[in-house]
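Asker: With my numbering, you'll find the sequence shown wraps up at 718, consecutive numbering, no jumps.
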Amino acid sequence: MKKTISLLLALLMVFAIACSVPEADYTKTQAPVLNEEPDFVSGEVVSGGNQDLSGSINIKYAAGNITKDGLELRFGFTSGSTLAGITEKEIDSVPAYQISLTDHPKRMKLSFSGIEFYEYAETNILSESSLIMGTFGYHSSFDGSYNVYLQLAENVSFSVAEEKNNLIILLCEKEEDETEPMYYLTLDAYDDFQDGNLEALSDFEPTLCSDNESILLISGGYSDETDISNRKVVIDAQLNDLGNSSLTQIQKLSAFELPNVAQTSQPMRQVIGIKDGKELIYAADMENAHYLLRSPSGDTLYIRTVVPDKNADVEQVTKDEIWIRRTDEAPVKLDFGTDFYGITDAAYSHDGRYLAILDSSMDDIILYVYDTEQKQLLNMGEEGFGDLTAGFAWHDSENTLFAMTGIHSAMQLISCSFGEDNVISVKAIEEQPGDISEIAYADGYIYFINGETAELTRIDTTAEEPERKAVCPANHFAAAKDGKSALVLSNAGRDDQSLYNVYYFDFENDESTLVMESVEPETFGYLSASESYFIINAQEETEYPYAMYLLHSKEIVHCCDLASPMLFYSGSGMDFYAILFSADEFGMIPNSYLFTIE
């Protein structure tokens with residue numbers, strides 16, 4: 121299922137409270153101020169607009185504002201699109217439209233004729249108590265109309281007015297008797313629906329799902345389970361006749377309850393590699409998502425990269441979202457109150473209260489810390505860490521964060537302690553300049569790469585005057601989560617700078633062991649508290665040219681051969697998360713797989 125909502129109508133996430141709050145203005149929406157009160161028309165279904173209006177009609181803006189009468193939505197139209205190279209011209213009417221309310225789940229449907237472009241300005245975010253909890257839109261292949269759905273959180277009445285090129289919709293809460301839950305058929309076939317391939321299913325319309333992002337088709341409601349079961353047989357047979365392998369799913373929903381994400385579709389399966397002549401085939405754990413980490417409570421966090429709609433009047437850069445999947449629940453997006461542009465790492469404090477997030481943009485690499493109890497996000501760049509953080513690590517038993525950070529390239533080791541009553545204490549660990557390096561914390565020591573000497577270096581954080589000590593040659597390293605060992609890469613010293621020697625370093629005994637010489641590592645890291653891996657390019661013309669090795673203590677074992685140099689992350693037990701990238705028109709798209717190493 122494509123995740124469509126992020127590409128369509130992001131600006132209409134408007135919020136509303138009761139109908140008796142002070143009137144707000146439109147200063148952020150570009151909507152004109154009208155001097156005369158428009159004439160509103162009410163009804164269950166309202167139609168209007170100019171049937172003869174044509175010529176590259178553009179929904180130029182949409183805005184929501186709370187007024188003394190209710191929640192006012194305003195759509196503004198022009199002819200043409202500067203983004204598409206077509207000169208924009210003012211128009212004095214709105215295109216033909218029809219507005220109606222749908223049944224469970226409660227939605228408002230706005231259907232416009234003749235729309236070729238939709239270039240919205242961002243809407244106001246009004247209140248956490250909303251009448252509208254989500255929105256999406258699509259061009260219909262049936263009749264060429266452009267349809268906007270507003271997912272409602274309350275029963276509403278509505279009235280409509282036209283004012284030149286503005287369409288104004290006034291929503292107000294409406295008291296209605298509570299209805300009994302009903303049975304519905306849902307179908308994971310939104311793409312086919314948009315393409316016009318399901319015209320025979322006339323009683324199905326799209327709706328948001330409980331994750332507030334995915335879109336399913338949903339039928340009308342049935343009060344009797346036997347009736348809906350019989351209807352399912354008929355619809356599934358129709359789908360089969362249409363050559364569609366999708367199956368409907370019966371869901372029981374109350375008036376404002378959104379259906380669960382479909383479980384009828386088979387997850388994407390992929391050949392990951394080969395072992396002992398047998399292909400390793402795994403199903404995607406989460407598509408279009410990069411595994412990030414597990415929380416102390418067992419929840420799984422992912423990164424999803426959102427591509428902006430090229431036709432929308434928004435910043436044309438990709439942004440990262442963090443999604444969480446709790447046990448037996450659909451993934452939901454977390455709201456941190458800020459934009460992320462390129463999340464590269466994240467880690468929880470030892471007690472799970474704080475989540476550190478490292479985010480890279482074109483100009484900065486900022487470390488954030490989110491307090492899960494206070495629901496507060498701190499920009500550590502504003503707390504003394506600077507605008508470039510190369511690496512960070514948490515203390516293993518205290519809420520103290522260590523980071524190699526600074527202003528531009530002037531790096532320094534910094535610590536930040538989080539105390540009671542939201543008091544934080546930032547201080548330098550040493551006075552010497554640092555290096556652009558990942559760092560690790562183990563048993564009171566901070567480890568990092570000294571770029572000048574190409575050595576893994578450690579500092580005793582408990583000493584009154586910390587001193588540096590070189591422990592082994594190193595250009596890159598990854599530390600075990602138990603703080604007892606590290607996997608170290610050191611340049612092999614040949615003309616080819618891509619060749620490295622691989623070492624196992626024992627923190628407890630302060631000794632390193634060479635495990636492989638002159639190889640070209642693609643990725644490396646730790647799968648568990650003590651078991652590491654690295655993937656090398658075998659330089660062979662085969663379908664699986666990347667060899668994966670496991671390293672437990674000082675023992676190295678060839679695990680399997682891979683088709684591409686994947687990234688691996690620790691999971692649960694012997695299950696690990698593997699990230700495989702695939703290319704599409706927007707770039708490299710990650711998919712996360714659960715990978716079992718036998």
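Glycine included, C-beta positions come from ideal geometry on N, C-alpha and C.
Straight-line CA distance for Thr581 to Ala548?
Answerer: Cα to Cα, the separation comes out at about 11 Å.
Asker: Determine the closest residue to Gln271 out of Asp315, Ala216, Lys226, His678, with distance taken between C-alpha atoms.
Answerer: Checking every option, the nearest Cα to that of Gln271 belongs to Lys226.
Asker: Terminal residues of the continuous beta strand (DSSP E) containing Asn360?
Answerer: Careful: Asn360 lies outside any beta strand (DSSP E), inside the alpha helix (DSSP H) at 345-361.
Asker: Assess, as a yes-or-no matter, whether the region 400-408 is touched by the region 372-382 under the definition of 3 or more beta carbon pairs within less than 8 Å.
Answerer: With a cut-off of 8 Å, the region 400-408 and the region 372-382 do not count as touching, because too few Cβ pairs lie within range.
Asker: Among residues of its own chain, excluding the 5 on either side of Asn711, which ones have a beta-carbon nearer than 6 Å to its beta-carbon?
Answerer: Hits under 6 Å: Ala404, Glu407, Leu700.
Asker: Express the C-alpha separation of Gly175 and Lys209 in angstroms, rounding to a whole number.
Answerer: C-alpha separation (whole angstroms): 10 Å.
Asker: According to DSSP, Gly257 sits in a beta bridge with which residue or residues?
Answerer: Note: Gly257 sits in a beta bridge opposite Val268.
Asker: According to the Cβ coordinates, are Gly645 and Ala574 closer than 8 Å?
Answerer: Not a contact, by the Cβ cut-off of 8 Å.
Asker: I'd like to know whether the C-beta atoms of Ser652 and Phe627 end up nearer to each other than 8 Å.
Answerer: Cβ atoms of Ser652 and Phe627: not closer than 8 Å.
Asker: Where does Val354 land, buried or exposed, given buried means 16+ other C-beta within 10 angstroms?
Answerer: When all chains shown are included, Val354 counts as exposed.
Asker: I need the straight-line Cα distance from Ile559 to Arg473, nearest angstrom please.
Answerer: Roughly 21 Å between the two C-alpha positions.
Asker: Quick test of the definition: if touching needs 3 or more C-beta pairs under 8 Å, does the region 305-312 touch the region 279-288?
Answerer: No contact exists between the region 305-312 and the region 279-288.
Asker: Which word fits Thr716, buried or exposed, when buried means at least 16 other C-beta atoms lie within 10 angstroms of its C-beta?
Answerer: With fewer than 16 other Cβ atoms within 10 Å, it is exposed.
Asker: Consult DSSP for Glu170 and reduce its assignment to one of helix, strand or coil.
Answerer: Here residue 170 is Asn; the residue named in the question, Glu, does not match the sequence. Strand at Asn170.
Asker: How long is the line joining the alpha carbons of Pro679 and Glu660, rounded to whole angstroms?
Answerer: The sequence as given places Cys at residue 679; Pro does not occur at that position. If you take the alpha carbons of Cys679 and Glu660, they lie about 17 Å apart.
Asker: Should Leu521 and Val543 be called a contact, given that it needs their Cβ atoms to be closer than 8 Å?
Answerer: Not in contact: Leu521 and Val543 (Cβ atoms no closer than 8 Å).
Asker: Could you say if the region 159-176 and the region 192-203 meet the contact criterion of at least three C-beta pairs nearer than 8 Å?
Answerer: Segments in contact, yes.
Asker: Kindly indicate which residue of Asp263, Ile486, Gln532, Ser545 has the alpha-carbon position closest to the one of Pro553.
Answerer: It is Gln532 whose Cα lies nearest to the Cα of Pro553.
Asker: In this structure, what does DSSP give as the bridge partners for Gly511?
Answerer: Gly511 is bridged to Met524.
Asker: Is Tyr490 helix, strand or coil when you go by DSSP?
Answerer: Tyr490: strand per DSSP, three-state reduction.
Asker: Within the same chain, show all residues whose beta-carbon is closer than 8 Å to that of Phe572, passing over the 5 residues directly before and after it, in chain order.
Answerer: Per the sequence shown, the amino acid found at residue 572 is Glu instead of Phe. Closer than 8 Å at Cβ, skipping near neighbours: Asp555.
Asker: Using the DSSP secondary-structure output, state which residues sit across from His672 in a beta bridge.
Answerer: Note: His672 sits in a beta bridge opposite Glu651, Glu675.
Asker: Name the DSSP beta bridge partners of Lys294, please?
Answerer: Lys294 is not bridged to any residue.
Asker: Could you tell me whether the Cβ atoms of Ala273 and Ile289 are closer together than 8 Å?
Answerer: Not closer than 8 Å, so no.
Asker: Would you please state the rounded distance, in angstroms, between the beta carbons of Ile348 and Tyr303? I believe it to be under 8 Å.
Answerer: 4 Å between Cβ atoms; contact.
Asker: How about Tyr266 and Gly257: are their beta carbons less than 8 Å apart?
Answerer: Result yes, Cβ atoms of Tyr266 and Gly257 sit closer than 8 Å.
Asker: Run the CB neighbour count on Thr147, radius 10 Å, all protein chains shown included, and call it buried at 16 or more, exposed below.
Answerer: With a pLDDT of only 32 at Thr147, under 50, the local geometry of the prediction cannot be trusted, and no value is derived from it.
Asker: Rounded to the nearest angstrom, what separates Ser610 and Ala510 at their Cα positions?
Answerer: Rounded to whole angstroms, Ser610 to Ala510 spans 19 Å at the Cα level.
Asker: Apply the 10 Å Cβ neighbour rule to Pro416 and answer buried if 16 or more other Cβ atoms are within range, or exposed otherwise.
Answerer: Per the 10 Å Cβ criterion, exposed.
Asker: By the DSSP assignment, the beta strand (DSSP E) with Gln369 in it spans what residues?
Answerer: Gln369 -> beta strand (DSSP E) spans 369-373.
Asker: Output the residue ranges of the beta strand (DSSP E) runs that lie fully inside the region 205-242 and measure 3 residues or longer, sorted by chain position.
Answerer: Fully enclosed beta strand (DSSP E) runs of 3 or longer: 206-209, 217-222, 227-232, 235-238.
Asker: I'd like to check one pair, Ile527 with Ile463: are the Cβ atoms closer than 8 Å?
Answerer: Against a cut-off of 8 Å, the Cβ pair of Ile527 and Ile463 comes out as no contact.
Asker: Please report the Cβ distance between Ile179 and Ile235, rounded to the nearest whole angstrom; I am assuming they are in contact, meaning their Cβ atoms lie under 8 Å.
Answerer: Rounded, the Cβ-Cβ distance is 6 Å, consistent with contact.
Asker: For Ser469, count neighbouring C-beta atoms within 10 Å of its own C-beta (all shown protein chains included) and say buried if the count is 16 or more, exposed if not.
Answerer: So Ser469 ends up on the buried side.
Asker: Less than 8 Å between the C-beta atoms of Ile375 and Thr299, yes or no?
Answerer: It should be pointed out that residue 375 corresponds to Ala in this sequence rather than to Ile. Their beta carbons are under 8 Å apart, which means Ala375 touches Thr299 by this criterion.
Asker: Who are Gly645's beta bridge partners in DSSP?
Answerer: Looking at the DSSP assignment, Gly645 forms a beta bridge with Tyr653.
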